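Residue numbers (this note's numbering): 6 to 573.
Here is the structure we will look at, set down as structure tokens.
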């Protein structure tokens, strides 16, 4: 790892960095087909399992599965895994706790062990997903867990353990699905979006066994149609590990709530503040445009990312975000229900300086047909093969076990997919890995084994957590994270621009993983045939700019950005 200590710049112009080099990670295996090798996450000789209700899925609460949060929780430089698991209807009704969130520590090679007892977390009601961020700006990574029940906050004690906060300020007891950290008001303290699904009360909802709800003539669990959607929440962070619900004051409250499942942060209009995109199940998706004054306006319809190209609502699940089209503006990809194509919303930068619009280019780029029989969940835009452009992975699995019945034209377990960017504006589909089909759910990508390419962690609706190890390395790559002095230490929301020959590659530092998942606050780039990076430019959410000339290729670099002179 390389550390670059940079002065903040009021305008462009490179600082003179101080370099502290460390030995780069060893190269991994050569590229092979398929690109990823799948194996169970095994700890102490046994696979790590999740659960989510009954095998027959009598109620909608039993189908969304658990989540995964990736980050360096013990401060040793390697990426650890938090697994969030659920419960059963019977246990919940009896007042019994569900599964506890669990932290597994990485030894730096992609092998994991159970974290020490000091990191143990008490069981919750029914876990869903989570988010990671330094909420109290003390230099370590804290954890939020969403659940059917109150949102929970675990404060990291210097990389030595967790303490659950009893004064977080998270309000109410809802069905929280996904969460995302951001600094929407650019005050240096992390804020939090929690996306809520629906109001679940078993005594008010028909069971699958009554036959009240049908899918292709088969009795299935009921919902979300006919059930009550619940508004999402925006929490403003105070910087000390406590939050206040500002959803109404900030305008983060549509007239009609959606069935929220996925969330990501992005600066879609390139105005320097962080916007929020939310996918909703069977209701229009929401794009929340940050007004820069502490408020948001919902612009999904105006920007073309609420419905599909035919103006139809879809059952949005996961989100991937990145600059696929190369215009410097992030594009969006949304996974949807079986029989609905996943949606690729390509950005269209405005020459007049107006906010960009998006167009549904799903079928034009080859992403439509291969997704129609499948039901997508976790997803991500990564340069899987390190060739310099962004690829897509999609985790698939149906909600109805009854999908295995004859005549449904689909199945319960389904193949996970990798869509490789062909470099000509189209994607080519291939299996993500060899092995039996899975009933997959959440997923997040990071370099688990330190070889420079990105691996994937995925959950199933129940069963063993899966590790997908990338076999691309060795290849040319570079990655960055930010250590910002003076608030928002991890630079969440920063824009990283890489000048490589005549190309400018762009990424935003975010930890939101799209669907019940979180990724490390890190910008990773594949470089293809390029052997040199001319310059990296980092634009912080608070306006500070830092530049580095010719950063080292094949290394992970931490860019330390000092506080402004007036704040020292």
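Ideal Cβ placement from N, Cα and C applies to all residues, glycine included.
Because the structure is a prediction, the values reported are computed rather than measured.
Just the C-alpha distance for residue i and residue j, rounded to the nearest angstrom, thanks.
{"i": "residue 237", "j": "residue 400", "result": "24 Å"}
{"i": "residue 419", "j": "residue 107", "result": "27 Å"}
{"i": "residue 243", "j": "residue 249", "result": "8 Å"}
{"i": "residue 92", "j": "residue 235", "result": "21 Å"}
{"i": "residue 150", "j": "residue 506", "result": "42 Å"}
{"i": "residue 174", "j": "residue 216", "result": "41 Å"}
{"i": "residue 259", "j": "residue 284", "result": "14 Å"}
{"i": "residue 95", "j": "residue 204", "result": "18 Å"}
{"i": "residue 449", "j": "residue 380", "result": "17 Å"}
{"i": "residue 483", "j": "residue 555", "result": "11 Å"}
{"i": "residue 534", "j": "residue 480", "result": "9 Å"}
{"i": "residue 202", "j": "residue 545", "result": "32 Å"}
{"i": "residue 547", "j": "residue 295", "result": "14 Å"}
{"i": "residue 257", "j": "residue 301", "result": "6 Å"}
{"i": "residue 176", "j": "residue 156", "result": "8 Å"}
{"i": "residue 366", "j": "residue 387", "result": "19 Å"}
{"i": "residue 567", "j": "residue 492", "result": "10 Å"}
{"i": "residue 86", "j": "residue 251", "result": "30 Å"}
{"i": "residue 89", "j": "residue 168", "result": "17 Å"}
{"i": "residue 361", "j": "residue 352", "result": "6 Å"}
{"i": "residue 410", "j": "residue 466", "result": "19 Å"}
{"i": "residue 77", "j": "residue 432", "result": "32 Å"}
{"i": "residue 268", "j": "residue 326", "result": "10 Å"}
{"i": "residue 7", "j": "residue 561", "result": "Note that residue 7 scores a pLDDT of 46, beneath 50, so its modelled location is shaky and nothing firm can be said."}
{"i": "residue 228", "j": "residue 291", "result": "20 Å"}
{"i": "residue 341", "j": "residue 382", "result": "7 Å"}
{"i": "residue 330", "j": "residue 430", "result": "7 Å"}
Can you tell me where the beta strand (DSSP E) with residue i in it begins and where it stops?
{"i": "residue 305", "result": "First-last for residue 305: 305–308, but that is the alpha helix (DSSP H), not the beta strand (DSSP E)."}
{"i": "residue 324", "result": "324–327"}
{"i": "residue 451", "result": "445–451"}
{"i": "residue 554", "result": "550–554"}
{"i": "residue 275", "result": "Counting along the chain, residue 275 falls outside any beta strand (DSSP E), and DSSP gives it neither H nor E."}
{"i": "residue 406", "result": "Unbroken run through residue 406: none, as it is neither H nor E."}
{"i": "residue 540", "result": "540–544"}
{"i": "residue 124", "result": "Taken as a continuous stretch (DSSP letters only), residue 124 belongs to no beta strand (DSSP E), as it is neither H nor E."}
{"i": "residue 85", "result": "85–89"}
{"i": "residue 165", "result": "It is not in any beta strand (DSSP E) - residue 165 carries neither H nor E in the DSSP assignment."}
{"i": "residue 133", "result": "132–138"}
{"i": "residue 294", "result": "291–295"}
{"i": "residue 312", "result": "From DSSP, residue 312 is part of no beta strand (DSSP E); its letter is neither H nor E."}
{"i": "residue 436", "result": "432–436"}
{"i": "residue 461", "result": "460–465"}
{"i": "residue 242", "result": "238–242"}
{"i": "residue 417", "result": "Here residue 417 belongs to no beta strand (DSSP E), and DSSP marks it neither H nor E."}
{"i": "residue 197", "result": "196–201"}
{"i": "residue 42", "result": "41–45"}
Using a 10 Å radius around the Cβ and a threshold of 16 neighbouring Cβ atoms, would you call residue i buried or exposed?
{"i": "residue 402", "result": "buried"}
{"i": "residue 33", "result": "Model confidence at residue 33 stands at a pLDDT of 37, short of 50, so the residue's coordinates are unreliable and nothing is read from them."}
{"i": "residue 23", "result": "A caution first: residue 23 carries a pLDDT of 27, below 50, which makes its placement in the model unreliable, though a value can still be read off. Classification of residue 23: exposed, given that the 10 Å Cβ count is below 16."}
{"i": "residue 462", "result": "buried"}
{"i": "residue 112", "result": "exposed"}
{"i": "residue 564", "result": "buried"}
{"i": "residue 439", "result": "exposed"}
{"i": "residue 345", "result": "buried"}
{"i": "residue 428", "result": "exposed"}
{"i": "residue 62", "result": "buried"}
{"i": "residue 513", "result": "buried"}
{"i": "residue 165", "result": "exposed"}
{"i": "residue 303", "result": "buried"}
{"i": "residue 270", "result": "buried"}
{"i": "residue 38", "result": "exposed"}
{"i": "residue 30", "result": "Residue confidence is low: residue 30 scores 35 on pLDDT, short of 50, so the model does not pin down where it sits. Its coordinate-derived value is still stated next. By the neighbour-count rule (16 or more Cβ atoms within 10 Å), residue 30 is buried."}
{"i": "residue 517", "result": "buried"}
{"i": "residue 253", "result": "exposed"}
List the endpoints of the continuous alpha helix (DSSP H) containing residue i.
{"i": "residue 94", "result": "94–98"}
If residue i and residue j are in contact, beta carbons under 8 Å, what's the gap, nearest whole angstrom?
{"i": "residue 451", "j": "residue 520", "result": "The pair is not a contact, with the Cβ atoms about 16 Å apart (cut-off 8 Å)."}
{"i": "residue 55", "j": "residue 468", "result": "7 Å"}
{"i": "residue 239", "j": "residue 196", "result": "7 Å"}
{"i": "residue 309", "j": "residue 364", "result": "6 Å"}
{"i": "residue 286", "j": "residue 323", "result": "At roughly 11 Å, the Cβ-Cβ gap does not stay under 8 Å, so residue 286 and residue 323 are not in contact."}
Three-pair Cβ contact test at 8 Å for the region 470–484 versus the region 41–56: The region 470–484, when compared against the region 41–56, does touch it at the 8 Å Cβ threshold.
Three or more C-beta pairs below 8 Å linking the region 272–286 and the region 173–188: yes
Any 3 or more C-beta pairs closer than 8 Å across the region 486–502 and the region 526–541: yes
The region 371–387 contacting the region 308–316, beta-carbon criterion three pairs below 8 Å: no
Cβ pair count under 8 Å reaching 3, the region 116–131 against the region 208–215: no
Sufficient close CB pairs (3 or more, under 8 Å) joining the region 402–414 to the region 58–74: yes
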